[in-house]
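Visitor: I'd like to ask some things about the structure below.
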Amino acid sequence: MQLDDRHDRPCPICQNVPAQPEIFLEERIDPGKLTEFSFSSRKEPEHLCYQMVRCPVCDLVYVDRPPSQGALANAYHTADYDSSEEANDAALSYIRAFTPALSRIQKGAALEIGTGTGIFLEELSRFGFRDVVGVEPSTAAIAAAPAHRQAWIREGIFVGDDFPAESFDLICCFMTLEHVRDPRDIAESAFRLLRPGGAFLAVTHDYRSIVNRLLGGRSPIIDIEHMQLFSRRSVSALLEQSGYANVEARPFSNRYSIRYWNRLMPFPSGMKKSVNAALNATGLGRAKLSLNVGNTAAVGFKPGQP
Ligand SMILES: [Zn+2]
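Just so we're aligned, residue 157 is where the sequence shown starts under my numbering, counting upward by one.
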């Protein structure tokens with residue numbers, strides 16, 4: 157993997173170059189541990205990371221010397237894909253979190269950037285959206301999708317110019333803004349592609365949430381795949397500076413099986429295995445549990461009447 161082609165960058169939201177960068181996280185890279193699996197979603201946390209600094213202007217935490225966009229695109233293209241039960245659970249959590257915003261907009265065309273197997277497109281279709289389309293770089297994720305969803309998904313990295321301006325009522329980007337080289341480009345491209353009155357929905361980790369602060373360096377947000385980390389303030393800044401109105405960023409709960417929560421916990425792997433065995437033996441592992449794990453549901457609207 158060509159992940160050593162790295163260059164300095166300013167804050168990817170506000171373009172500020174801090175005179176004295178505040179180091180948020182020291183670099184922890186072990187090239188021997190970097191695998192293609194490092195770049196897939198919902199895997200077991202590895203706790204490798206590039207150096208991250210905090211922007212004093214907009215509160216974003218970001219890798220100031222990230223690998224090139226091309227190297228990242230290639231890493232995601234070849235990433236293995238993982239877990240569909242958790243993707244289903246996440247999609248339902250997102251529908252619940254965004255129901256007020258979804259109820260305010262036209263149910264015409266919807267686009268999801270980083271759609272995985274397209275499970276959220278399925279939920280949007282059920283919610284009443286007439287046309288759904290997703291963009292996904294991982295070949296393995298698309299191959300894992302049922303045939304009817306594969307027809308909705310375009311393989312590749314999202315490029316705004318691939319779609320006509322003002323052609324969508326809804327654009328979603330969940331757990332993806334952390335992974336890209338230029339989150340501002342995504343938010344601004346989505347703005348151009350939305351019709352007036354349309355909504356942009358994003359789910360991001362919140363590095364300032366209690367759970368992530370308690371876990372510190374063992375938090376699953378600390379990962380080689382994250383080019384930036386948002387707080388509620390910085391994801392709001394991203395949307396507002398990209399032109400959106402009525403921006404809101406709120407915490408919400410994710411509902412997952414207890415077995416999956418165990419996998420995410422920062423316990424030693426031997427302990428995880430025995431807890432997992434107990435969960436499987438009792439059947440308790442399949443029970444679902446809602447927890448606020450420090451994620452943010454952010455929404456902004458394109459000004460104007462639909
Ligand atoms: Zn900034």
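C-beta atoms are modelled at their ideal positions from N, C-alpha and C, and glycine is treated no differently. Keep in mind that this is a model prediction, so the values were computed, not measured.
Counting only runs of 3+ residues fully inside the segment 349-399, write out the beta strand (DSSP E) ranges in chain order.
Guide: Correct list: 350-361.
Visitor: To the nearest angstrom, how far is it from the Cα of LEU440 to the Cα of ILE414?
Guide: On the sequence shown, position 284 is the one that residue 440 refers to. On the sequence shown, position 258 is the one that residue 414 refers to. So the alpha carbons of these two residues sit roughly 7 Å apart.
Visitor: Can you tell me the Cα-Cα spacing of TYR250 and ALA355, whole angstroms?
Guide: Taking the first residue of the sequence shown as position 1, residue 250 is located at position 94. Taking the first residue of the sequence shown as position 1, residue 355 is located at position 199. When rounded, the distance between both Cα atoms is 14 Å.
Visitor: Report, in whole angstroms, the separation of the C-beta atoms of VAL359 and PHE330, which I expect to be a contact under 8 Å.
Guide: As a working note, residue 359 is residue 203 in the sequence shown. As a working note, residue 330 is residue 174 in the sequence shown. Going by Cβ atoms, the distance from VAL359 to PHE330 rounds to 4 Å, so yes, they are a contact pair.
Visitor: Check each candidate in ALA405, ILE366, ALA175, ASP338 and name the one with the smallest Cα separation from HIS382.
Guide: The sequence position of residue 382 within the sequence shown is 226, counting from 1. Of the candidates ALA405, ILE366, ALA175, ASP338, the one whose C-alpha sits nearest the C-alpha of HIS382 is ASP338.
Visitor: Within a Cβ cutoff of 7 Å, which residues of the same chain sit near ARG165, ignoring the five residues on either side of it in sequence?
Guide: Start at 1 with the first residue of the sequence shown, and residue 165 comes out as number 9. The residues are ASP220, PRO222.
Visitor: Could you tell me the boundaries of the beta strand (DSSP E) in which GLU404 lies?
Guide: The sequence position of residue 404 within the sequence shown is 248, counting from 1. Where GLU404 is concerned, the enclosing beta strand (DSSP E) stretches over 401-413.
Visitor: Judging by CA-CA distance, which residue of PHE423, CYS214, HIS335, LYS444 is the nearest neighbour of SER224?
Guide: For this step, residue 224 is matched to residue 68 along the sequence shown. Checked all of PHE423, CYS214, HIS335, LYS444; the closest Cα to SER224 is HIS335.
Visitor: Measure the C-alpha to C-alpha separation of ARG260 and HIS361 and round it to an integer number of angstroms.
Guide: Against the sequence shown, residue 260 aligns to sequence position 104. Against the sequence shown, residue 361 aligns to sequence position 205. Whole-angstrom Cα-Cα distance: 25 Å.
Visitor: Kindly provide the chain-ordered list of residues whose Cβ lies closer than 6 Å to any non-hydrogen atom of ligand 1.
Guide: Cβ-based neighbours of ligand 1 within the cut-off: CYS167, ILE169, CYS170, ASN172, CYS211, VAL213, CYS214, LEU216.
Visitor: Am I right that SER365 and PRO407 are in contact with their C-beta atoms under 8 Å? What's the rounded C-beta distance?
Guide: Walking along the sequence shown from the start, residue 365 turns up at place 209. Walking along the sequence shown from the start, residue 407 turns up at place 251. That pair is a contact at about 7 Å.
Visitor: When burial is assigned at 16 or more other CB atoms within 10 Å of the CB, is GLU268 buried or exposed?
Guide: The sequence position of residue 268 within the sequence shown is 112, counting from 1. With 16 or more other Cβ atoms within 10 Å, it is buried.
Visitor: Would you mind sorting ARG390 into buried or exposed? The rule is 16 or more other CB atoms within 10 Å of its CB.
Guide: To locate residue 390, count along the sequence shown from 1; it is residue 234. The question names Arg, but residue 390 is Ser in the sequence shown. With 16 or more Cβ atoms within 10 Å of its Cβ, SER390 is classed as buried.
Visitor: Taking the C-alpha atoms as reference points, what is the distance between PHE285 and GLY312?
Guide: Counting from 1 along the sequence shown, the entry for residue 285 is found at position 129. Counting from 1 along the sequence shown, the entry for residue 312 is found at position 156. Taking the straight line from one Cα to the other gives about 23 Å.
Visitor: Going by DSSP, what residues sit across from LYS444 in a beta bridge?
Guide: Start at 1 with the first residue of the sequence shown, and residue 444 comes out as number 288. In DSSP, LYS444 forms a bridge with SER413.
Visitor: By DSSP, does PRO223 sit in helix, in strand, or in coil?
Guide: Start at 1 with the first residue of the sequence shown, and residue 223 comes out as number 67. Reduced to three states, the DSSP call for PRO223 is strand.
Visitor: Three-state secondary structure (DSSP) at TYR206?
Guide: Within the sequence shown, residue 206 is the residue found at index 50, counting from 1. Note: TYR206 maps to coil in three-state DSSP.
Visitor: Spatial neighbours of ILE309 within its chain, please: CB distance less than 7 Å, with the 5 preceding and 5 following residues excluded, ordered by chain position.
Guide: The residue given as residue 309 occupies position 153 in the sequence shown. Correct list, in chain order: THR271, GLY274, GLY290, GLU292, ILE298, ALA301.
Visitor: PHE347 and GLY264: beta carbons closer than 8 Å?
Guide: The residue you call residue 347 lines up with position 191 of the sequence shown. The residue you call residue 264 lines up with position 108 of the sequence shown. Contact flag unset, no.
Visitor: Specify, as a first and last residue, the run of the beta strand (DSSP E) that ASP325 falls within.
Guide: Start at 1 with the first residue of the sequence shown, and residue 325 comes out as number 169. Unbroken beta strand (DSSP E) run through ASP325: 324-330.
Visitor: From ARG411 to ASN418, what distance separates their C-alpha atoms?
Guide: Translated into the one-based positions of the sequence shown, residue 411 becomes position 255. Translated into the one-based positions of the sequence shown, residue 418 becomes position 262. About 13 Å.
Visitor: What is the rounded straight-line gap between the Cα of GLN217 and the Cα of SER387?
Guide: For the purposes of this step, residue 217 is taken as residue 61 along the sequence shown, with counting starting at 1. For the purposes of this step, residue 387 is taken as residue 231 along the sequence shown, with counting starting at 1. The residue asked about is misnamed: residue 217 is Val in this sequence, not Gln. Taking the straight line from one Cα to the other gives about 8 Å.
Visitor: Sorted by chain position, which residues of the same chain lie with C-beta nearer than 7 Å to ALA246's C-beta, five sequence neighbours on each side aside?
Guide: Locating residue 246 in the sequence shown gives position 90, where the first residue counts as 1. Taken in chain order, the residues that qualify are ASN410.
Visitor: Return the CA-CA distance between SER345 and ALA401, expressed in angstroms with no decimal places.
Guide: Within the sequence shown, residue 345 is the residue found at index 189, counting from 1. Within the sequence shown, residue 401 is the residue found at index 245, counting from 1. Each residue's Cα considered, the two are about 16 Å apart.
Visitor: Measuring CA to CA, which of ASN244, ALA257, VAL173 is closest to PRO212?
Guide: Here residue 212 refers to the residue found at position 56 when the sequence shown is read from its first residue. Among ASN244, ALA257, VAL173, the Cα nearest to that of PRO212 belongs to VAL173.
Visitor: With DSSP collapsed to three states, give me the class of PHE254.
Guide: For the purposes of this step, residue 254 is identified with residue 98 of the sequence shown, where counting begins at 1. Reduced to three states, the DSSP call for PHE254 is helix.
Visitor: Once the 5 residues before and after ARG305 are set aside, which same chain residues still bring their CB inside 6 Å of it?
Guide: On the sequence shown, residue 305 is found 149 positions in, with the first residue counted as 1. Excluding sequence neighbours, ARG305 sits near GLY274.
Visitor: Identify every run of the beta strand (DSSP E) within the segment 277-311, keeping only runs that are complete inside it and at least 3 residues long; order them along the chain.
Guide: Runs of the beta strand (DSSP E) inside the segment 277-311: 287-292, 309-311.
Visitor: Within a Cβ cutoff of 6 Å, which residues of the same chain sit near VAL403, ignoring the five residues on either side of it in sequence?
Guide: On the sequence shown, residue 403 is found 247 positions in, with the first residue counted as 1. The residues are SER392, LEU395, GLU396, GLY456.
Visitor: Consult DSSP for PHE476 and reduce its assignment to one of helix, strand or coil.
Guide: With the chain covering only 157 through 462, there is no way to say anything about residue 476.
Visitor: Report the option in LEU350, VAL288, MET427, ALA307 whose CA atom is closest to the CA atom of ASP317.
Guide: One-based indexing of the sequence shown puts residue 317 at position 161. Taking only the C-alpha atoms, the option nearest ASP317 is LEU350.
Visitor: Suppose the cutoff is 7 Å on Cβ atoms and the five residues either side in sequence are ignored; what does the same chain contact list for ASP341 look like?
Guide: Here residue 341 refers to the residue found at position 185 when the sequence shown is read from its first residue. Hits under 7 Å: none found.
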